[in-house]
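Comments concern the structure below.
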Amino acid sequence: RNLPPDLRARLKKYFDFQQVKKDSDNDEEIMSEMPLNILTEFCSSQYSPIINSCIIFKGLSTQFTNSLMTKLRRKYLMPNETLFKIEDMSRELCFITQGAVQVYSDADCNQLVKMVTKESHFGSQIG
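Numbering-wise (this note's numbering), the sequence shown opens with residue 12 and increments by one.
The following block contains the structure:
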(Lines of atoms letter the chains of each structure in order from A; the text may use other names.)
(Lines give C-alpha, C1' and ligand atoms only; values in the text may rest on other atoms or scores of the structure.)
Protein backbone atom coordinates (compact mmCIF):
# COMPACT_ATOMS: atom_id res chain seq x y z
CA ARG A 12 0.00 0.00 0.00
CA ASN A 13 1.03 3.54 -0.58
CA LEU A 14 1.43 4.77 3.01
CA PRO A 15 3.57 7.61 4.32
CA PRO A 16 6.84 6.27 5.79
CA ASP A 17 6.02 7.63 9.27
CA LEU A 18 2.65 5.89 9.34
CA ARG A 19 4.18 2.68 7.97
CA ALA A 20 6.81 2.71 10.76
CA ARG A 21 4.15 3.33 13.43
CA LEU A 22 1.99 0.52 12.09
CA LYS A 23 4.96 -1.85 12.08
CA LYS A 24 5.71 -0.97 15.73
CA TYR A 25 2.07 -1.48 16.63
CA PHE A 26 1.85 -4.93 15.03
CA ASP A 27 5.21 -5.96 16.48
CA PHE A 28 3.88 -4.94 19.89
CA GLN A 29 0.67 -6.91 19.35
CA GLN A 30 2.75 -10.01 18.58
CA VAL A 31 4.76 -9.57 21.79
CA LYS A 32 1.54 -9.10 23.73
CA LYS A 33 0.01 -12.21 22.16
CA ASP A 34 3.09 -14.23 23.11
CA SER A 35 2.83 -12.86 26.66
CA ASP A 36 -0.84 -13.87 26.92
CA ASN A 37 0.17 -17.39 25.91
CA ASP A 38 2.85 -17.37 28.66
CA GLU A 39 0.19 -16.44 31.23
CA GLU A 40 -1.96 -19.39 30.17
CA ILE A 41 0.99 -21.79 30.35
CA MET A 42 2.02 -20.45 33.77
CA SER A 43 -1.51 -20.89 35.14
CA GLU A 44 -1.29 -24.61 34.36
CA MET A 45 2.17 -25.24 35.84
CA PRO A 46 2.59 -27.18 39.08
CA LEU A 47 3.46 -24.79 41.92
CA ASN A 48 7.02 -26.08 42.41
CA ILE A 49 7.87 -25.61 38.71
CA LEU A 50 6.12 -22.23 38.61
CA THR A 51 8.11 -21.10 41.66
CA GLU A 52 11.39 -22.21 40.11
CA PHE A 53 10.53 -20.55 36.79
CA CYS A 54 9.51 -17.27 38.43
CA SER A 55 12.59 -17.30 40.65
CA SER A 56 14.85 -17.66 37.61
CA GLN A 57 13.05 -14.76 35.90
CA TYR A 58 12.50 -12.34 38.77
CA SER A 59 14.97 -12.97 41.61
CA PRO A 60 17.57 -10.46 40.26
CA ILE A 61 14.86 -7.79 40.22
CA ILE A 62 13.48 -8.65 43.66
CA ASN A 63 16.95 -8.94 45.19
CA SER A 64 17.86 -5.46 43.90
CA CYS A 65 14.92 -3.86 45.73
CA ILE A 66 15.80 -2.78 49.28
CA ILE A 67 12.28 -3.31 50.65
CA PHE A 68 12.62 -7.06 50.06
CA LYS A 69 16.00 -7.43 51.79
CA GLY A 70 15.96 -9.80 54.74
CA LEU A 71 12.63 -11.39 53.92
CA SER A 72 12.25 -15.15 53.92
CA THR A 73 12.84 -17.14 50.76
CA GLN A 74 9.34 -18.57 51.11
CA PHE A 75 7.82 -15.07 51.09
CA THR A 76 9.88 -13.81 48.13
CA ASN A 77 9.14 -16.99 46.17
CA SER A 78 5.44 -16.49 46.83
CA LEU A 79 5.74 -12.86 45.73
CA MET A 80 7.54 -13.80 42.52
CA THR A 81 4.73 -16.16 41.50
CA LYS A 82 2.36 -13.16 41.62
CA LEU A 83 4.44 -10.95 39.31
CA ARG A 84 3.14 -10.46 35.79
CA ARG A 85 4.69 -8.85 32.75
CA LYS A 86 3.06 -5.80 31.26
CA TYR A 87 4.02 -4.45 27.86
CA LEU A 88 3.46 -0.81 26.99
CA MET A 89 3.57 0.97 23.67
CA PRO A 90 5.72 4.11 23.53
CA ASN A 91 3.90 7.09 25.10
CA GLU A 92 1.27 4.83 26.69
CA THR A 93 0.12 5.85 30.19
CA LEU A 94 0.76 3.28 32.91
CA PHE A 95 -1.16 5.23 35.56
CA LYS A 96 -2.00 8.86 36.26
CA ILE A 97 -1.12 10.96 39.28
CA GLU A 98 -4.68 10.88 40.64
CA ASP A 99 -5.00 7.08 40.28
CA MET A 100 -5.08 4.97 43.42
CA SER A 101 -2.33 2.56 42.47
CA ARG A 102 -1.29 -0.41 44.57
CA GLU A 103 1.32 -1.54 42.12
CA LEU A 104 5.05 -1.79 42.28
CA CYS A 105 6.56 -1.71 38.80
CA PHE A 106 9.88 -3.18 37.76
CA ILE A 107 11.36 -1.94 34.51
CA THR A 108 13.12 -4.77 32.68
CA GLN A 109 13.40 -3.14 29.27
CA GLY A 110 13.08 0.41 28.00
CA ALA A 111 12.29 3.41 30.19
CA VAL A 112 9.32 5.11 31.82
CA GLN A 113 8.89 8.86 32.13
CA VAL A 114 7.32 10.02 35.40
CA TYR A 115 5.49 13.36 35.38
CA SER A 116 4.22 15.40 38.32
CA ASP A 117 1.14 16.68 36.50
CA ALA A 118 -1.73 15.10 34.59
CA ASP A 119 -0.85 17.00 31.40
CA CYS A 120 2.67 15.51 31.30
CA ASN A 121 4.39 18.90 31.31
CA GLN A 122 6.64 18.51 34.38
CA LEU A 123 9.07 15.58 34.03
CA VAL A 124 10.11 14.37 37.50
CA LYS A 125 12.17 11.31 36.76
CA MET A 126 13.18 8.87 34.06
CA VAL A 127 12.97 5.30 35.36
CA THR A 128 15.15 2.93 33.36
CA LYS A 129 15.94 -0.74 32.99
CA GLU A 130 16.55 -2.66 36.21
CA SER A 131 14.77 0.03 38.25
CA HIS A 132 11.53 -0.05 40.18
CA PHE A 133 8.89 2.42 41.28
CA GLY A 134 5.41 2.60 42.79
CA SER A 135 2.80 5.28 43.24
CA GLN A 136 5.21 7.31 45.41
CA ILE A 137 8.24 8.43 43.41
CA GLY A 138 11.16 9.80 45.37
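Here a beta-carbon is modelled for each residue, glycine too, at the ideal position from N, C-alpha and C. This structure is a prediction, so every number in the text was calculated from the model and none was measured.
Beta-carbon to beta-carbon, F68 and T81 are separated by about 14 Å, too far to satisfy the 8 Å threshold. When the Cα atoms are used, Q122 and F26 turn out to be separated by approximately 31 Å.
At a Cβ-Cβ threshold of 8 Å, L83 and Y115 do not count as neighbours.
Inside the region 54-128, DSSP marks whole beta strand (DSSP E) runs of 3 or more residues at positions 105-107, 111-115, 123-128, from first to last along the chain.
Between the alpha carbons of F106 and C54 lies a gap of roughly 14 Å. Apart from sequence neighbours up to five positions away, the residues of its chain that approach V31 with a beta-carbon distance below 7 Å are Y87, ordered along the chain. Using a Cβ distance threshold of 8 Å, K129 and T108 count as a contacting pair.
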